[in-house]
Amino acid sequence: MATIDPSRFRSTLLSIVRYGFGRTMEQATKVDIFNSVCFAVREHIIDRKIETEKRYADNDVKRMHYISMEFLTGPLLANNLINLGIYDECRTIVNDIGLDFDDLIEFEPDPALGNGGLGRLAACFLDSLASMGMPGFGYGINYDYGLFHQSIIGGYQHERPDFWYNKSSPWLMRMSGEKAMVPVFGRIEDSEDMVGEYNPMWVEWKLIVGRPHDIAVVGYGGKTVNRLRLFSAWASEDFDIQIFNEGDYYRALEDKIRFENISKILYPSDSRDSGKELRLVQEYFLVACAVHDIVSIYLNQHDSFDMFHEKVAIQLNDTHPALTVAELMRVLIDLHFVEWDDAWQITTRTLGYTNHTLMPEALETWPMHIFKKVIPRHLQIIQEIDRRFMSMIKEKYPDDPEKPRRMSIVIDNNGEKNIRMAHLAIVGSHSVNGVAAIHSELVKTRLVPDFYDLWPEKFNNKTNGVTPRRWILRANPLLAQLVCDTIGDGWILDLGRLRELEAHCKETAFLERLLMIKRKNKVRLASIIKETTYIEVDPESIFDIHAKRLHEYKRQLLNAMNIIHIYFQIRDDNIIPSVPRTFIFGGKAAPGYFMAKLVIRFIHGLAEIINKDSKANEWLKVVFIPDYRVSLAEKMIPGADVSEQISTAGMEASGTGNMKFAMNGAITIGTLDGANIEIAGEVGEENIYIFGHKVDEIESLRREHDADRFLNSSPALKRVMDAVRSDIFCPDEPGIFKPLYDSIVHGGDYYCHMADFQSYTDAHSRLANDYMDRHNWAVKSLLNIARTGKFSSDRTIKEYAEEIWKIKSQI
Ligand code: 26V
């Protein structure tokens with residue numbers, strides 16, 4: 001671990017404030033001070049970054065490149081200091097100068113370059129790769145605007161743009177001289193070459209410039225510093241000169257702005273986005289920049305492509321970068337004159353594809369005409385890949401005429417041709433993986449059974465994980481200290497060692513300490529709740545947290561239904577609960593997702609009525625904390641007693657919040673879905689509350705769905721549903737919640753709220769009873785912490801590294 005020289009750090013800091021920002025310490029703003037502290041820390045990072053790059057180059061190591069449209073890093077200063085091992089020292093020095101270190105840490109904005117789980121997973125993976133000394137790098141887009149900020153006005157979500165001031169982010173290093181030139185638009189001109197062979201020419205394209213900006217990824221222990229390379233889009237200067245010379249200044253400027261819009265915004269994953277041309281251009285832009293960079297790095301040390309797949313692995317984070325298949329083929333064939341068959345071998349041996357969802361509306365398909373307009377040459381290559389693939393399929397399955405239609409990359413939907421990105425990714429990769437055991441099975445058996453039948457060896461599982469550096473060490477320093485005091489610090493890089501804590505599960509003093517830490521984290525969370533919502537909550541109550549994107553399948557509405565049920569028990573049945581409860585929500589809804597936004601309004605409706613009802617509010621409170629994001633998650637998760645993981649079985653690919661809560665000592669109430677199943681397997685069934693229908697039961701449930709049968713057989717459910725329909729939670733806006741009622745009662749209840757209601761409320765009452773036995777609850781909490789070591793992203797990355805990427809640690 002590194003140390004810092006206080007006087008040197010101090011003088012560096014002062015001279016950055018003075019010569020970097022032109023201010024004396026007295027004049028400097030908070031932004032100046034924050035940036036200067038980061039720059040001073042960068043000094044410690046850059047040396048190691050350069051050293052790491054040299055180590056990789058000297059050993060000509062195999063590198064893995066993780067291409068992702070999203071990297072949800074969260075604030076970086078605290079984590080970088082922790083990973084460098086200089087957090088406490090830096091804190092003392094900064095405070096000694098008369099600044100407030102903790103305040104500066106809080107001041108850092110979240111780089112919100114991701115939507116949720118998929119982007120955060122990518123960030124956890126980079127942390128693990130660097131912490132284990134592995135040559136793994138991220139490629140993404142340097143969006144000017146990250147995911148929107150959420151505010152709540154009158155119970156409704158409002159979106160405000162997130163200009164995360166990347167132009168001056170101290171973590172982004174613009175790497176001049178390493179730009180990528182990306183051709184786009186134009187058309188294909190058929191022609192013959194000198195020997196009379198068909199030789200299509202991509203002509204009249206325009207050039208976008210991809211400018212790389214690197215964020216250093218500091219591994220724990222500070223030995224390895226990898227990089228996340230984010231590209232921003234610019235119009236090329238040649239292009240500028242050319243079009244400005246044509247004389248139409250305003251049109252030329254419009255074109256320039258159009259190109260520079262490519263990296264402007266992160267799309268907030270919404271089904272309405274599908275088919276948007278700008279999104280396809282973004283995906284292509286990322287892929288083209290990344291492939292350019294990856295091939296250049298390879299060619300720095302090699303003069304043919306013979307070794308490519310032995311030196312390069314590329315992982316596609318979902319189908320968003322699936323165009324890599326076509327772009328790598330194009331670069332090999334058109335720019336380096338590699339034969340088709342060789343190029344195909346290289347491509348498929350290099351690429352791996354991770355699937356992150358089975359939701360049909362989230363599976364990408366693109367109308368062919370957009371491809372033709374944006375990337376005509378890639379379309380041609382994809383059509384040729386598909387032609388060859390189809391002839392193989394027809395030969396292999398001569399008796400199944402439906403196979404080609406089910407498996408082709410290009411599909412004709414009533415005259416409109418579409419490109420299926422998942423098919424492109426599967427055909428072009430040697431590995432296809434899901435992100436939790438059950439999900440990987442469903443990929444094989446339900447999503448693409450024909451592909452599994454054809455290539456069973458391609459399919460595998462890599463259960464997700466999360467980095468304990470951010471999610472324990474940074475988010476929960478009190479817990480981290482207790483663990484270190486008890487078993488040393490080996491767990492930080494080997495989370496399985498948390499099992500050693502089990503030996504202490506009978507020690508009252510230890511359990512008391514654990515309870516005290518939870519209480520402190522709850523007090524901290526309570527003050528955030530007070531600041532952000534003006535609601536006062538009692539840290540003695542159960543903090544039951546449901547924090548994730550709003551989506552019908554994640555069933556925040558089921559949680560709300562249980563809250564109403566408890567409320568009516570208190571108000572109308574005079575049943576006094578065994579323990580007071582605070583139900584806490586956090587999460588953003590996609591701006592165009594009506595039902596998800598209505599659920600947010602509904603939760604606020606409940607809060608409005610219940611929190612004001614004096615008969616109920618000492619037992620029950622409802623809180624929605626606005627603007628859920630990484631930095632807020634770091635404060636919410638350690639303060640949870642109960643973690644809500646209640647998706648409809650078969651719909652949550654994995655979940656990663658579930659892991660973060662469990663390793664911070666929250667007890668899960670959850671369905672047998674995603675990684676919940678594996679969490680249950682690790683912690684043991686007495687330490688988790690599992691409820692609800694299983695994935696195999698869902699289909700027949702839906703088929704036999706009969707709303708009246710549910711309502712007539714359960715007075716409790718009927719009472720809750722009547723309340724959803726009535727205006728008691730929206731007295732000033734009658735009728736607004738009717739769509740919620742309709743989707744459940746008249747709409748077939750696709751997400752099974754009614755079918756799972758009874759077992760959910762039962763699980764909640766068991767849980768509330770168990771909570772009263774503080775000793776036993778502490779044991780459950782401890783066993784959750786001790787037994788969730790499997791869910792470190794280090795374990796996940798080791799599996800990817802050994803089984804797919806074939807990369808090795810270099811320390
Ligand atoms: C996106 C969309 C967009 C259109 C509307 C419906 C819809 C439904 C789901 C999605 C998710 C897209 C991919 C994704 O973010 N998957 C998440 O990946 C996490 C990391 O593997 C995993 O833990 C989550 O379970 C999974 O939902």
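The opening residue of the sequence shown carries number 1 in our numbering; numbering runs sequentially from there.
C-beta atoms are modelled at their ideal positions from N, C-alpha and C, and glycine is treated no differently.
- Contact between the segment 87 to 105 and the segment 3 to 23 is established, with three or more Cβ pairs separated by less than 8 Å.
- In the pairwise beta carbon analysis, the segment 306 to 318 is classified as not touching the segment 629 to 642: fewer than three pairs are separated by under 8 Å.
- Per the coordinates, the alpha-carbon of Lys256 lies some 36 Å from the alpha-carbon of Pro135.
- In the DSSP assignment, Asn413 falls within the unbroken beta strand (DSSP E) covering Val410 to Asn413.
- Judged by DSSP in its simplified three-state form, Ala778 adopts helix.
- Selection Asn658, Gly692, Glu704 and Glu699 evaluated against Glu682 yields Asn658 as nearest (Cα-Cα).
- When the Cα atoms are used, Glu678 and Ala437 turn out to be separated by approximately 8 Å.
- Counting of Cβ neighbours within 10 angstroms places Asn83 among the buried residues, the total reaching 16 or more.
- With contacts defined by Cβ atoms closer than 8 Å, Leu147 and Asp127 do not form a contacting pair.
- Within the same chain, and ignoring the five residues on either side of Val695 in sequence, the residues whose Cβ sits closer than 8 Å to its Cβ are Ile438, Leu442, Ala649, Gly650, Leu672 and Asp673.
- Restricting attention to alpha helix (DSSP H) runs no shorter than 4 residues, the segment 177 to 246 encloses them at 237 to 245, ordered along the chain.
- The alpha-carbon separation between Asn617 and Asp749 amounts to approximately 31 Å.
- Per the coordinates, the alpha-carbon of Ala526 lies some 56 Å from the alpha-carbon of Arg405.
- The residue among Arg725, Glu686, Phe710 and Phe729 with its C-alpha nearest the C-alpha of Ala763 is Glu686.
- Between the segment 68 to 81 and the segment 113 to 121 there are three or more inter-stretch CB-CB distances shorter than 8 Å, so the stretches are counted as touching.
- Collapsing the DSSP output to three states places Ala607 in a helix.
- Shown here for Arg469: same chain residues with a beta carbon closer than 8 Å to its own, the five before and five after excluded, namely Asn79, Ile82, Asn83, Asp127, Ser131, Tyr220 and Ile492 in chain order.
- The set of residues whose C-beta lies within less than 6 Å of a heavy atom of the ligand 26V reads, in chain order, Gly116, Gly117, Leu118, Leu121, Ser269, Asp270, Ser271, Asp318, His356, Thr357, Met359, Glu361, Ala362, Val435, Asn464, Glu652, Ala653, Ser654, Gly655, Thr656 and Gly674.
- With respect to the 8 Å criterion, Arg446 and Leu363 are not classified as neighbours on the basis of their beta carbons.
- When secondary structure is reduced to three states using DSSP, Lys694 falls in the coil class, being assigned neither helix nor strand.
- For Ser296, the enclosing alpha helix (DSSP H) starts and ends at Glu277 to Gln301.
- Trp202 has its alpha-carbon roughly 10 Å from the corresponding atom of Ser191.
- If you check the CB distance, Ser647 and Thr668 do not come in under 8 Å.
- If you draw a straight line from the Cα of Glu159 to the Cα of Val623, it comes to about 19 Å.
- With contact defined as three or more Cβ pairs closer than 8 Å, the segment 274 to 293 and the segment 313 to 324 are in contact.
- Relative to the Cα of Leu783, the nearest Cα in the group Leu328, Leu501, Ser151 and Ile333 belongs to Leu501.
- In this structure, the CA atom of Arg571 is about 22 Å from the CA atom of Met754.
- For Met64, the enclosing beta strand (DSSP E) covers residues Arg63 to Ile67.
- Distances from the CA of Met173 to each of Lys206, Cys38 and Ile294 were compared; the closest alpha carbon is that of Cys38.
- Comparing C-alpha distances from Thr533 to each of Ile625, Trp205 and Ile576 shows the shortest one belongs to Ile625.
- The three-state reading of DSSP puts Asn687 in helix, counting H, G and I together.
- Distance from the CA atom of Arg18 to the CA atom of Asp144, rounded to whole angstroms, is 28 Å.
- A residue is called buried once 16 or more other Cβ atoms fall within 10 Å of its Cβ, and Tyr760 is buried on that count.
- Cβ-Cβ distances below 6 Å link Ala723 to Ile564 in the same chain, with the five nearest sequence neighbours on each side left out; the list follows chain order.
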